[in-house]
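Engineer:
Protein chains in written order, with UniProt numbering: chain A, 1 to 454; chain B, 1 to 196.
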């Protein structure tokens, strides 16, 4: 019975949506109407659970009779959350984390220093990162952070071009990486080997990356092997693989592969950035100054303490991968600036009836797809419970998407429908075919809109 | 086997096990409808001239019947079905009859089973949402798990000692009667979700 209105702002890719998602039923005015802001996994999984049919893919959700997708709509600018609340019985905020945490150190603004968010956006084809033009003319790159995003960046920097050119990496990123001089990537974290935030699949991809070898400091792994017995299986296997790459003697085949490798990567532990050191002309990064830490506490609650020692590492590329961050979308929505999430209880936004949230904006920007999926189902369930209990009043008639569409039209905003999106999708796929890639992404929103409306 | 002679639309249901065979003279080919113990209703009614044998008939009788064919994924008639029971997150059990060779993820998708959020990465070992829990006896008979599956399984919600990813388990005859389930949802008195 639910009508959902799905909107997505700016970018029209399913992977990069922010916007409103609405599901609309074709039953008359009295059905509950819900608007979902955000077209990423959280938005779609929330929608799937509200619609309640068996839907396996996001495509099926978007095409569902009770769902209408409206891309290229910026909530907070083209339409306010209050206006959405007037049109719908409930609004679910699932707009993710489009900002990033900054290191907050001197030199962060030098050329050659990038956030992982922007760097990943660059090779993934986000229009706003199209002109990043990262300088890859140095030999060493330092990545701050040791999560899956950090490993993704390392993998992109060191992958053989022959592998990259068969993916949907953007052409200009491919060209730049083909010319890259980067031969060594250090992945730096404040704490120790037992605290790495990445997961084993991503680590295994690095260990098996053709043309590369691991290079790490044996001393940083002292005492780690002894802890293995007591670890839960996921952490144990991850640590075993890390030890294998870092300190164990390789087998014959691996030894030869590592010997031939021209590129190297490694974790560095117990290091925190203090300053990005400038080049002599003071324009670009030439190195990074790191504070040396030691660990205190034990078990899960280990924390890092500065020893007073300092270490300088020469490098020309610094990428900070220390976390994405949600941003406030609209003054009408409560926002916890310290945690950078929308304050909520089980998905119900605090102090605001009729507002819900799911995904990273609810929980913080961590976890794998299954985490977000379960979280979105939780929010959907909360919403349905509230309707059932009468806490969420659905007795009044709400205009739903008609009202919002009218507002947008008055403001000269032309949303992109799902079938419009599919035209963009098939054009990108078509372009990719000629190059042996799954797709060739369009990097200009104007061009996308032209194709969408053709 | 119960036959009735009559006009084209007469139906017969074959309800005894073992070989009841009907030869279609129209098509000049053999339609062997080999019965399984519990016949499944399927689609498709074919009308043809059938030469029939029964254990008790003296000779051969030719009659025109409509035969109820048995549904099979790839349209062949005599493939044996493996019975697998699926229990979803709410404890609801669905029984399916499937052919060998497909994965349990294929089964969930093809049969449109009501299991929430199953198979997000479409079988590419990039998520853990097709996580299934098996009975120990069946679990121990399966092909050993490789690193790549274990890597993703390690991240699964509600992981157990007899867990596997459905996209990596292929249906085989010996799995007949097997029950698999996804982690159950438990709600406490306050209504908040937990898992067991």
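The beta carbon of each residue, even a glycine, is placed where N, CA and C say it ideally should be. Here the structure is a predicted model, which is why all the values come from computation and not from measurement.
Hey, does residue 454 of chain A have any beta-carbon neighbour from chain B nearer than 8 Å?
Structural biologist: Position 454 of the first chain, counted from the start, is the residue given in the question as residue 454 of chain A. Taking Cβ atoms only, chain B never reaches closer than 8 Å to residue 454 of chain A, which makes this a no.
Engineer: Work out the CA separation of residue 391 of chain A and residue 152 of chain A for me, nearest whole Å.
Structural biologist: Translated into positions along the first chain, residue 152 of chain A becomes position 152. Translated into positions along the first chain, residue 391 of chain A becomes position 391. Answer to the nearest angstrom: the Cα atoms are 44 Å apart.
Engineer: Near residue 240 of chain A, which residues of its chain fall below 8 Å by C-beta distance, leaving aside the five closest residues on each side in sequence?
Structural biologist: Along the first chain, read from residue 1 onward, the residue named residue 240 of chain A stands at position 240. Answer for residue 240 of chain A: 228, listed in chain order.
Engineer: What span of residues does the alpha helix (DSSP H) with residue 60 of chain A cover, start to end?
Structural biologist: Residue 60 of chain A sits at position 60 when you count from the first residue of the first chain. Element bounds for residue 60 of chain A: 58-63.
Engineer: Would the stretch 150-170 of chain B and the stretch 398-411 of chain A be scored as touching if the rule is three or more Cβ pairs under 8 Å?
Structural biologist: Short answer: they don't touch.
Engineer: Examine chain A for any beta-carbon lying closer than 8 Å to the beta-carbon of residue 117 of chain B, and answer yes or no.
Structural biologist: As a first step, residue 117 of chain B is located in the second chain; it is residue number 117 there, counting from the start. Yes, its Cβ sits closer than 8 Å to a Cβ of chain A.
Engineer: Taking the alpha-carbon positions, what's the residue 415 of chain A to residue 337 of chain A distance?
Structural biologist: The sequence position of residue 415 of chain A within the first chain is 415, counting from 1. The sequence position of residue 337 of chain A within the first chain is 337, counting from 1. Approximately 30 Å, taken between the alpha carbons.
Engineer: Examine the Cβ distances between the stretch 166-185 of chain A and the stretch 242-252 of chain A and report whether three or more of them are shorter than 8 Å.
Structural biologist: The stretch 166-185 of chain A is not in contact with the stretch 242-252 of chain A.
Engineer: In whole angstroms, give me the CA-to-CA distance for residue 408 of chain A and residue 394 of chain A.
Structural biologist: Residue mapping note: residue 408 of chain A aligns to position 408 of the first chain, counting from 1. Residue mapping note: residue 394 of chain A aligns to position 394 of the first chain, counting from 1. Residue 408 of chain A and residue 394 of chain A: Cα-Cα distance of roughly 24 Å.
Engineer: Under 9 Å, CB to CB, which of the residues in the stretch 339-370 of chain A have a partner in chain B?
Structural biologist: Those residues of the stretch 339-370 of chain A that come within reach of chain B (Cβ to Cβ, closer than 9 Å) are 346, 368, 369, 370.
Engineer: Check distances from the C-beta atoms of the stretch 428-444 of chain A to those of chain B and list, in chain order, the residues that come in under 9 Å.
Structural biologist: Against chain B - using a Cβ distance shorter than 9 Å - the stretch 428-444 of chain A contributes no residues.
Engineer: Counting only Cβ pairs nearer than 7 Å, list the residues of chain B close to residue 201 of chain A.
Structural biologist: Your numbering for residue 201 of chain A matches position 201 in the first chain. What residue 201 of chain A touches in chain B: 151, 152.
Engineer: Between the C-alpha atoms of residue 434 of chain A and residue 165 of chain A, what's the straight-line distance to the nearest angstrom?
Structural biologist: Here residue 434 of chain A corresponds to residue number 434 of the first chain, with the count starting at 1. Here residue 165 of chain A corresponds to residue number 165 of the first chain, with the count starting at 1. Approximately 12 Å, taken between the alpha carbons.
Engineer: With distances taken Cα to Cα, identify the nearest neighbour of residue 133 of chain A among A/306, A/90, A/177.
Structural biologist: Looking up residue 133 of chain A in the first chain gives position 133. Among A/306, A/90, A/177, the Cα nearest to that of residue 133 of chain A belongs to A/177.
Engineer: Taking Cβ-Cβ distances below 7 Å as the criterion, which residues of the stretch 226-251 of chain A are in contact with chain B?
Structural biologist: Listed by position along the chain: 233, 234, 237.
Engineer: Assess contact between the stretch 185-192 of chain A and the stretch 262-275 of chain A, defined as three or more Cβ pairs (one per stretch) separated by less than 8 Å. Is contact present?
Structural biologist: Touching, yes.
Engineer: Using a Cβ-Cβ cut-off of 7 Å (strictly less than) and excluding sequence neighbours within five positions of residue 91 of chain B, which residues of its own chain qualify?
Structural biologist: Taking the first residue of the second chain as 1, we reach residue 91 of chain B at position 91. Cβ within range, chain order: 184.
Engineer: Between B/120, B/149, B/97, which lies nearest to residue 234 of chain A when the distance is taken from Cα to Cα?
Structural biologist: Walking along the first chain from the start, residue 234 of chain A turns up at place 234. Checked all of B/120, B/149, B/97; the closest Cα to residue 234 of chain A is B/149.
Engineer: Taking Cβ-Cβ distances below 8 Å as the criterion, which residues of the stretch 377-389 of chain A are in contact with chain B?
Structural biologist: So the list reads 377, 378, 381, 385, given in the order they occur along the chain.
Engineer: For residue 374 of chain A, go through chain B and note every residue whose CB falls closer than 7 Å to its CB, in chain order.
Structural biologist: Stepping through the first chain from its first residue, residue 374 of chain A is reached at position 374. Per Cβ cutoff of 7 Å: 157.
Engineer: Taking just the CA atoms, how far does residue 75 of chain A sit from residue 334 of chain A?
Structural biologist: By one-based count along the first chain, residue 334 of chain A stands at place 334. By one-based count along the first chain, residue 75 of chain A stands at place 75. About 15 Å.
Engineer: Mind pulling the chain A residues with CB within less than 8 Å of residue 127 of chain B?
Structural biologist: Taking the second chain and counting its residues from 1, one reaches residue 127 of chain B at position 127. Per Cβ cutoff of 8 Å: 368, 369, 370.
Engineer: Between the stretch 356-368 of chain A and the stretch 112-129 of chain A, do at least 3 Cβ pairs fall closer than 8 Å?
Structural biologist: Touching, no, given that fewer than three Cβ pairs across the two stretches are closer than 8 Å.
Engineer: Are the stretch 345-358 of chain A and the stretch 140-154 of chain A in contact at 8 Å, needing three or more beta carbon pairs?
Structural biologist: Too few Cβ pairs lie closer than 8 Å, so no.
Engineer: Taking Cβ-Cβ distances shorter than 9 Å, what residues in chain B pair up with residue 204 of chain A?
Structural biologist: Indexing the first chain from 1 puts residue 204 of chain A at position 204. Per Cβ cutoff of 9 Å: 147, 148, 151.
Engineer: Is it buried or exposed, residue 314 of chain A, if we count other Cβ atoms within 10 angstroms and call 16 or more buried?
Structural biologist: Looking up residue 314 of chain A in the first chain gives position 314. Exposed.
Engineer: Tell me, which residues are paired with residue 160 of chain B by DSSP?
Structural biologist: For the purposes of this step, residue 160 of chain B is taken as residue 160 along the second chain, with counting starting at 1. Answer is none; residue 160 of chain B lacks a bridge partner.
Engineer: I think residue 61 of chain A touches residue 48 of chain A, with their Cβ atoms under 8 Å apart; what is that distance to the nearest whole Å?
Structural biologist: Walking along the first chain from the start, residue 61 of chain A turns up at place 61. Walking along the first chain from the start, residue 48 of chain A turns up at place 48. About 5 Å separates the two Cβ atoms, so the contact holds.
Engineer: For residue 225 of chain A, does the count of other Cβ atoms within 10 angstroms reach 16, so buried, or fall short, so exposed?
Structural biologist: Counted from its first residue, the first chain places residue 225 of chain A at position 225. Its Cβ having fewer than 16 others within 10 Å, residue 225 of chain A is exposed.
Engineer: Is there at least one Cβ from chain A nearer than 8 Å to residue 97 of chain B's Cβ?
Structural biologist: Translated into the one-based positions of the second chain, residue 97 of chain B becomes position 97. Not closer than 8 Å to any Cβ of chain A, the Cβ of residue 97 of chain B fails to qualify, so no.
Engineer: Using a Cβ-Cβ cut-off of 8 Å, state whether residue 88 of chain A counts as contacting chain B.
Structural biologist: Residue numbering aside, residue 88 of chain A sits at position 88 when the first chain is read from its first letter. Not closer than 8 Å to any Cβ of chain B, the Cβ of residue 88 of chain A fails to qualify, so no.
Engineer: Nearest by alpha-carbon distance to residue 305 of chain A: which of A/281, A/319, A/242, A/290 is it?
Structural biologist: Here residue 305 of chain A refers to the residue found at position 305 of the first chain. Considering only alpha carbons, the answer is A/290.
Engineer: Identify, in the order they occur along the chain, each residue of the same chain with its Cβ nearer than 6 Å to the Cβ of residue 150 of chain A, setting aside the five sequence neighbours on each side.
Structural biologist: As a first step, residue 150 of chain A is located in the first chain; it is residue number 150 there, counting from the start. Hits under 6 Å: 143, 187, 321.
Engineer: Mind checking which residues open and close the alpha helix (DSSP H) that includes residue 382 of chain A?
Structural biologist: Taking the first residue of the first chain as position 1, residue 382 of chain A is located at position 382. Run containing residue 382 of chain A: 369-389, per the alpha helix (DSSP H) assignment.
Engineer: Taking buried to mean at least 16 other C-beta atoms within 10 Å of its own C-beta, is residue 65 of chain A buried or exposed?
Structural biologist: Taking the first residue of the first chain as 1, we reach residue 65 of chain A at position 65. When all chains shown are included, residue 65 of chain A counts as exposed.
Engineer: Run down chain B in chain order and give the residues with a C-beta less than 8 Å from the C-beta of residue 45 of chain A.
Structural biologist: Looking up residue 45 of chain A in the first chain gives position 45. Going along chain B in sequence order, the residues near residue 45 of chain A (Cβ under 8 Å) are 117.
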